[in-house]
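For the record, in the sequence shown the residue sitting at position 44 is 46 according to the working numbering, with numbers rising by one throughout.
Every residue, glycine too, gets a C-beta built ideally from N, C-alpha and C.
Working notes for the structure below.
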Amino acid sequence: MRGASVWHAHPTLSRPLTVLGVERRWFFLTLTLGMAMWQAINSLFTAALVFGVLYAAGRIAWRRDPAMLAIVAAGANARARYDPGKPPKWHVELVE
Numbered sequence: 003m004r005g006a007s008v009w010h011a012h013p014t015l016s017r018p019l020t021v022l023g024v025e026r027r028w029f030f031l032t033l034t035l036g037m038a039m040w041q042a043i044n045s046l047f048t049a050a051l052v053f054g055v056l057y058a059a060g061r062i063a064w065r066r067d068p069a070m071l072a073i074v075a076a077g078a079n080a081r082a083r084y085d086p087g088k089p090p091k092w093h094v095e096l097v098e
């Protein structure tokens with residue numbers, strides 16, 4: 003964790019907040035999506051499957067690089083770069 007202040011007196015306070023080994027925001031997102039699938043499809047198996055897959059993905063990402071999920075979330079707010087050589091996504095042609 004670069005840029006984070008570390009309190010050397012109490013290392014427990016410097017650790018990131020996790021639930022079952024996954025960053026807490028990701029855990030609650032997966033839990034919410036699992037519950038939404040349960041309500042939408044009315045299938046507990048589907049809800050457990052969605053929760054399990056997303057939890058496993060978060061666990062793998064957290065063990066590989068704890069800051070990766072924060073970097074991806076911050077990158078979603080970044081503006082796309084302009085490339086003049088790339089064709090536009092849409093094109094309007096006026097025909098008379």
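{"Item": "Would you identify the three-state DSSP class for V21, choosing helix, strand or coil?", "Value": "strand"}
{"Item": "Mind checking whether L71 and A63 have CB atoms under 8 Å apart?", "Value": "yes"}
{"Item": "Decide if W92 is buried, meaning its Cβ has at least 16 other Cβ atoms within 10 Å, or exposed.", "Value": "exposed"}
{"Item": "Closest to F26 by C-alpha separation, out of R61, A80, A82 and L51, would be which residue?", "Value": "The sequence as given places Arg at residue 26; Phe does not occur at that position. Among R61, A80, A82 and L51, the Cα nearest to that of R26 is on R61."}
{"Item": "What is the rounded straight-line gap between the Cα of F53 and the Cα of P89?", "Value": "39 Å"}
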